[in-house]
Amino acid sequence: QQPVQSPQAVILREGEDAVINCSSSKALYSVHWYRQKHGEAPVFLMILLKGGEQKGHDKISASFNEKKQQSSLYLTASQLSYSGTYFCGTPYYGEYGGSQGNLIFGKGTKLSVKP
Amino acid sequence: NAGVTQTPKFQVLKTGQSMTLQCAQDMNHEYMSWYRQDPGMGLRLIHYSVGAGITDQGEVPNGYNVSRSTTEDFPLRLLSAAPSQTSVYFCASSYPGLAGRETQYFGPGTRLLVL
């Protein structure tokens, strides 16, 4: 089942903060975050694991609340380079038991950072 | 390392034509996958492979065929192209890890237009 991301789009000025949410109706054991710039491939940012773990990547951090079945991505003091579409993904479990890295992605949140 | 490579970068087909999208990786990853990306839909899993000779269907497998004869290559075949297959196709690979924690590395994508 596809995770739900909110908001669909955000426009920021440089230096402002943003939060992107990802929620699922199914129990979550891990949440993956990717960023995709226009015309390029998605690039891995981080994995959040069951246990309420928080992680950081430069000034981008994330949290995972397994009770709420939700993960949030925090972008602090945004830079122009943060512009792009952010996707969360949850493991897709197929025939062979594990996920083999495969994900069910949300529809994405488009982030635009203006000077 | 070139990482994950895809050819062609762009292709125009007529309805009913067949073609093969090529994907190769030089990271010795066991797992390889194909996704399609449509506007506002996120990425959706088409087929994946857990090793040479072993493949499985993903979320949207209809109209596509795969096989995997080597660790490095994982081609995607469209037997009879339809306009609904107009999309951007991404190949991804990953190495085995704890279930749900594998990181996928994406190729640059192939843009396909079916007229």
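Taken in order, these protein sequences are the chains called A and B.
Be aware that the first sequence starts at 151, since it is given in the numbering used here, and climbs by one per residue.
Be aware that the second sequence starts at 1357, since it is given in the numbering used here, and climbs by one per residue.
Glycine included, every Cβ here is placed at the ideal spot set by N, Cα and C.
Source: prediction; values computed, not measured.
(request) With a threshold of 16 other CB atoms inside 10 Å of the CB of A/Q158, please say whether the residue is buried or exposed. (result) Counting from 1 along the first sequence, the entry for residue 158 of chain A is found at position 8. With fewer than 16 Cβ atoms within 10 Å of its Cβ, A/Q158 is classed as exposed.
Quick one, which residues of the segment 1367 to 1392 of chain B are near chain A if we go by CB-CB under 7 Å, in chain order?
Y1387, S1389
Next item on the list: Give the DSSP-derived three-state secondary structure of A/S231 in the structure shown.
Entry: Working through the first sequence from its first residue, we reach residue 231 of chain A at position 81. DSSP places A/S231 in helix when its eight states are reduced to three.
- Message: On a Cα-Cα basis, can you pick out the residue from B/D1394, B/L1434, B/R1467, B/G1407 that is closest to B/S1449?
- Response: The count along the second sequence starts at 1 and reaches residue 1449 of chain B at position 93. Of B/D1394, B/L1434, B/R1467, B/G1407, the residue nearest in Cα terms is B/G1407.
**Asked** Expressed to the nearest angstrom, what Euclidean distance is found between the alpha-carbon atoms of A/G248 and B/H1403?
**Response** Locating residue 248 of chain A in the first sequence gives position 98, counting from the first residue. Locating residue 1403 of chain B in the second sequence gives position 47, counting from the first residue. If I take the Cα positions, the gap works out to 15 Å.
Burial state of B/G1396 (16 or more Cβ within 10 Å):
Residue 1396 of chain B sits at position 40 when you count from the first residue of the second sequence. B/G1396 should be labelled exposed.
| message | Can you look up B/S1440 in the DSSP assignment and give me helix, strand or coil? | response | Residue numbering aside, residue 1440 of chain B sits at position 84 when the second sequence is read from its first letter. Here B/S1440 sits in helix by DSSP.
Identity of the residues DSSP links to A/H182 by a beta bridge:
On the first sequence, position 32 is the one that residue 182 of chain A refers to. Paired residues: A/I197, A/G239.
**Asked** Looking at the unbroken beta strand (DSSP E) that takes in A/F94, where does it start and where does it end?
**Response** Missing from the structure shown is residue 94 of chain A; chain A here goes from 151 to 265 and no further.
Worksheet item: In chain A, what lies closer than 8 Å to B/Y1404 by C-beta?
Response: To locate residue 1404 of chain B, count along the second sequence from 1; it is residue 48. Ordered by position in chain A, the residues that pass the 8 Å Cβ test against B/Y1404 are G244, Q250, N252.
Consult DSSP for B/G1407 and reduce its assignment to one of helix, strand or coil. Taking the second sequence and counting its residues from 1, the one referred to as residue 1407 of chain B is at position 51. Three-state DSSP puts B/G1407 in a strand.
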